[in-house]
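Visitor:
Number of protein chains: 2
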Amino acid sequence: MDSKILVIDDEKAIADIVKFNLEKEGYKVSTAYDGEEGVQAVENIIPDLVILDIMMPKKDGFQVLKEIRMKYKFPVIMLTAKEEEVDKVLGLELGADDYITKPFSMRELIARVKANLRRVNYSNFSNSENTDSIITSEDLVIDLNKYEVKKSDKIIELTLREFELLKFLATSANQVFSREQLLEEVWGYEYYGDIRTVDVTIRRLREKIEDGNGEFKYIITKRGVGYYFRRA
Amino acid sequence: MDSKILVIDDEKAIADIVKFNLEKEGYKVSTAYDGEEGVQAVENIIPDLVILDIMMPKKDGFQVLKEIRMKYKFPVIMLTAKEEEVDKVLGLELGADDYITKPFSMRELIARVKANLRRVNYSNFSNSENTDSIITSEDLVIDLNKYEVKKSDKIIELTLREFELLKFLATSANQVFSREQLLEEVWGYEYYGDIRTVDVTIRRLREKIEDGNGEFKYIITKRGVGYYFRRA
DNA sequence: TATTGATTTCCAATTAATTGTAATATATAA
DNA sequence: TTATATATTACAATTAATTGGAAATCAATA
Numbered sequence: 001m002d003s004k005i006l007v008i009d010d011e012k013a014i015a016d017i018v019k020f021n022l023e024k025e026g027y028k029v030s031t032a033y034d035g036e037e038g039v040q041a042v043e044n045i046i047p048d049l050v051i052l053d054i055m056m057p058k059k060d061g062f063q064v065l066k067e068i069r070m071k072y073k074f075p076v077i078m079l080t081a082k083e084e085e086v087d088k089v090l091g092l093e094l095g096a097d098d099y100i101t102k103p104f105s106m107r108e109l110i111a112r113v114k115a116n117l118r119r120v121n122y123s124n125f126s127n128s129e130n131t132d133s134i135i136t137s138e139d140l141v142i143d144l145n146k147y148e149v150k151k152s153d154k155i156i157e158l159t160l161r162e163f164e165l166l167k168f169l170a171t172s173a174n175q176v177f178s179r180e181q182l183l184e185e186v187w188g189y190e191y192y193g194d195i196r197t198v199d200v201t202i203r204r205l206r207e208k209i210e211d212g213n214g215e216f217k218y219i220i221t222k223r224g225v226g227y228y229f230r231r232a
Numbered sequence: 233m234d235s236k237i238l239v240i241d242d243e244k245a246i247a248d249i250v251k252f253n254l255e256k257e258g259y260k261v262s263t264a265y266d267g268e269e270g271v272q273a274v275e276n277i278i279p280d281l282v283i284l285d286i287m288m289p290k291k292d293g294f295q296v297l298k299e300i301r302m303k304y305k306f307p308v309i310m311l312t313a314k315e316e317e318v319d320k321v322l323g324l325e326l327g328a329d330d331y332i333t334k335p336f337s338m339r340e341l342i343a344r345v346k347a348n349l350r351r352v353n354y355s356n357f358s359n360s361e362n363t364d365s366i367i368t369s370e371d372l373v374i375d376l377n378k379y380e381v382k383k384s385d386k387i388i389e390l391t392l393r394e395f396e397l398l399k400f401l402a403t404s405a406n407q408v409f410s411r412e413q414l415l416e417e418v419w420g421y422e423y424y425g426d427i428r429t430v431d432v433t434i435r436r437l438r439e440k441i442e443d444g445n446g447e448f449k450y451i452i453t454k455r456g457v458g459y460y461f462r463r464a
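Protein chains in written order, with our numbering: chain E, 1 to 232; chain A, 233 to 464.
Below you can see the structure in the form of structure tokens.
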């Protein structure tokens with residue numbers, strides 16, 4: 001979340017009002033007032049999405065897009081003043097993800113920004129949808145598509161975090177991971193929290209999937225190192 | 233995963249940009265620049281889905297489609313430049329699975345590609361009940377043709393949206409869908425609305441089909457992920 | 001084409017569930 | 001036994017889902 005957006009438009013008034021409105025929505029917004037500046041800004045900021053005007057002095061939007069696309073894949077929404085340009089945007093040029101014709105309402109702009117950011121996120125994880133998706137071990141069945149775990153055919157309710165932790169450990173069964181690794185892989189690179197969080201989540205997971213006889217048979221502690229999922 | 237897609241379009245610029253964008257989504261994409269080349273490419277590659285332009289020299293899209301359909305069943309999405317062609321695509325019953333009119337946004341194209349691939353996956357996967365137009369679960373009866381839902385033999389009045397949402401969820405019972413997926417599938421590719429709309433529609437649907445005892449037995453929330461229709 | 005009613009959407013307040021933190025207890029190995 | 005690592009617990013903070021109501025849109029009918 002808190003996506004970074006770059007607005008490239010030579011009409012300062014427009015760039016600024018767009019910035020204002022997107023910031024109101026909670027995005028981090030930068031602006032650039034011509035094409036060259038825009039290309040530079042992309043390099044510095046590495047935004048999650050760019051809003052790019054076509055008609056600009058020095059370097060026009062198409063050129064900027066071309067340069068962006070040589071290196072980056074984030075969505076780019078083009079702003080076009082004339083209907084004729086639409087065909088160009090969609091058909092001939094280099095991979096704009098979406099476009100809006102001026103004049104546009106802020107409501108529409110924001111909706112499109114959201115939709116395009118959403119698409120990125122969604123394709124990231126829904127692509128794993130079809131990979132082999134069921135892991136079994138003893139009486140545990142982990143269904144990665146359905147986000148569901150069964151123990152001797154009884155459904156176990158795991159929270160998302162618990163599920164993702166189990167999923168990560170189980171897909172690399174018998175391999176020990178340090179808490180740091182788990183934080184990075186399951187919680188994400190940006191995560192800054194306490195390392196003991198892992199212990200607690202492991203604990204909650206065990207409570208749900210282990211037999212509760214004091215022995216753990218799935219998630220094993222490797223003292224001084226970390227945890228692993230045991231699979232015969 | 234990693235589906236193979238073949239793009240057949242005589243306008244190289246378009247074929248290439250489509251290729252670029254689909255590759256960004258993780259597909260393996262090949263291109264062919266006229267109809268004959270296209271037919272050959274199909275034979276060589278055996279793609280999982282074809283995107284096929286109608287207006288082409290040598291062999292037009294209709295002809296290509298006919299030849300493809302003599303041997304293969306994978307989905308074909310037709311590209312049409314003019315509205316008039318749409319009728320033809322639909323009317324001729326040649327077996328196009330979907331069509332998009334130019335100009336189109338990449339967002340739309342990708343959404344349709346995904347939707348068509350997903351459809352195929354389901355019908356391969358799931359049991360032959362798939363073609364059934366009546367779905368039953370506990371005391372619910374959903375008649376897909378008649379747009380009618382009964383609960384213990386009493387007709388329940390659903391609005392169109394509610395019905396389509398229920399229909400989509402119920403035809404892929406026990407599979408979790410994110411709100412993004414539901415927006416795309418039920419509301420349509422070009423929908424730019426608020427994501428919470430899904431929640432609200434789910435709620436109205438529940439109000440009508442669930443028992444009203446605080447427990448939901450049909451439409452289940454998978455926290456942090458989305459919703460699914462539960463069927464024993 | 002107005003008018004009215006139904007549907008749909010948007011928004012945000014409320015409620016519910018999850019997750020993180022910190023403090024304490026327990027186990028383990030030197 | 002002591003020092004260190006891990007497990008457990010309770011509570012606070014955070015995040016997500018549900019809900020109600022207002023506003024906008026759509027559709028039917030006068």
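Idealized CB from N, CA, C, for every residue including glycine.
If you count every other CB in all the chains shown that lies within 10 Å of the CB of Glu439/A, and 16 or more means buried, which is it?
Guide: So Glu439/A ends up on the exposed side.
Visitor: If we count the other Cβ atoms within 10 Å of its Cβ and call it buried at 16 or more, is Val200/E buried or exposed?
Guide: exposed
Visitor: Could you compute how far the alpha carbon of Glu422/A sits from the alpha carbon of Tyr192/E?
Guide: 37 Å
Visitor: Once DSSP output is grouped into helix, strand and coil, what is the label at Phe395/A?
Guide: helix
Visitor: Distance check for Lys305/A and Leu92/E, CA to CA, integer angstroms please.
Guide: Reliability fails at Leu92/E, whose pLDDT of 44 lies under 50, so the model's placement of it is uncertain and no value is given.
Visitor: Have a look at Lys59/E, Met55/E and Met70/E and flag the residue whose alpha-carbon is nearest the alpha-carbon of Leu79/E.
Guide: Met55/E
Visitor: Answer yes or no: does any C-beta atom of chain E fall closer than 8 Å to that of Asn348/A?
Guide: no
Visitor: Taking the alpha-carbon positions, what's the Arg301/A to Tyr227/E distance?
Guide: 53 Å
Visitor: Looking only at its chain, what residues have a beta carbon closer than 8 Å to the beta carbon of Ile45/E, apart from the 5 residues adjacent to it on each side?
Guide: Lys4, Leu6 and Ser30
Visitor: Which residues of chain A have a Cβ atom closer than 9 Å to the Cβ of Arg204/E, listed in chain order?
Guide: Going along chain A, no residue has its Cβ under 9 Å from Arg204/E, so there is no contact; the nearest lies around 15 Å.
Visitor: Can you have a look at Tyr379/A and say buried or exposed, based on whether 16 or more other CB atoms are within 10 angstroms of its CB?
Guide: exposed
Visitor: Pick helix, strand or coil for Lys303/A, following the three-state DSSP scheme.
Guide: Residue state, collapsed to three classes: helix.
Visitor: Taking C-beta pairs closer than 9 Å, name the residues in chain A that Asn145/E reaches, listed in chain order.
Guide: Gln407 and Val408
Visitor: For Leu49/E, which residues in chain A fall below 9 Å Cβ to Cβ?
Guide: None at all; the shortest Cβ gap to chain A is about 13 Å.
Visitor: Hey, is Ser476/A's beta-carbon within less than 8 Å of any beta-carbon in chain E?
Guide: The shown model of chain A, from 233 to 464, leaves out residue 476/A, and the question about it has no answer.
Visitor: Can you tell me whether Gln40/E is buried or exposed? The criterion is at least 16 other CB atoms within 10 Å of its CB, across all chains shown.
Guide: exposed
Visitor: Around the Cβ of Asn362/A, are there at least 16 other Cβ atoms within 10 angstroms (buried) or fewer (exposed)?
Guide: Confidence in Asn362/A is poor, its pLDDT being 43 and thus under 50, which makes the residue's placement too unreliable to answer from.
Visitor: Kindly give me the distance between the Cβ atoms of Lys291/A and Gly267/A, rounded to whole angstroms, as I take these residues to be in contact under 8 Å.
Guide: About 3 Å separates the two Cβ atoms, so the contact holds.
Visitor: Between Asp48/E and the rest of its own chain, which residues show a CB-CB distance below 6 Å, the 5 nearest in sequence each way excluded?
Guide: Ser3, Lys4 and Phe74
Visitor: I need the DSSP call for Ala232/E, collapsed to helix, strand or coil.
Guide: Correct three-state label for Ala232/E: coil.
Visitor: Hey, Glu465/A and Arg118/E are a contact pair by Cβ (cut 8 Å); roughly how many whole angstroms apart?
Guide: Residue 465/A is absent from the model: chain A starts at 233 and stops at 464.
Visitor: Establish whether the CB of Ile46/E and some CB of chain A are separated by less than 8 Å.
Guide: no
Visitor: For Leu182/E, which residues in chain A fall below 8 Å Cβ to Cβ?
Guide: Correct list: empty, because the minimum Cβ distance to chain A is about 18 Å.
Visitor: Check for me: the beta strand (DSSP E) holding Lys260/A runs from which residue to which?
Guide: Lys260 to Ala264
Visitor: Assuming contact is defined by CB atoms lying nearer than 8 Å, are Ile110/E and Asn21/E in contact in what I supplied?
Guide: yes
Visitor: Taking a Cβ distance cut-off of 8 Å, strictly less, list which residues of the region 138-168 of chain E are near chain A, in chain order.
Guide: Asn145, Lys146, Tyr147, Thr159 and Leu160
Visitor: Examine chain A for any beta-carbon lying closer than 8 Å to the beta-carbon of Lys73/E, and answer yes or no.
Guide: yes
Visitor: Can you tell me which of the three DSSP states Phe177/E falls into?
Guide: strand
Visitor: State buried or exposed for Ser337/A, treating a residue as buried only when at least 16 other CB atoms are found within 10 Å of its CB.
Guide: A buried status is given to Ser337/A, since no fewer than 16 other beta-carbon atoms sit within 10 Å of its beta-carbon.
Visitor: Return helix, strand or coil for Glu210/E, following the three-state DSSP convention.
Guide: coil
Visitor: Taking Cβ positions, are Lys12/E and Tyr33/E nearer each other than 8 Å?
Guide: yes
Visitor: Rounded C-beta distance between Ile434/A and Ile451/A? I'm assuming under 8 Å.
Guide: By a beta-carbon distance limit of 8 Å, Ile434/A contacts Ile451/A. Their separation comes to about 6 Å.
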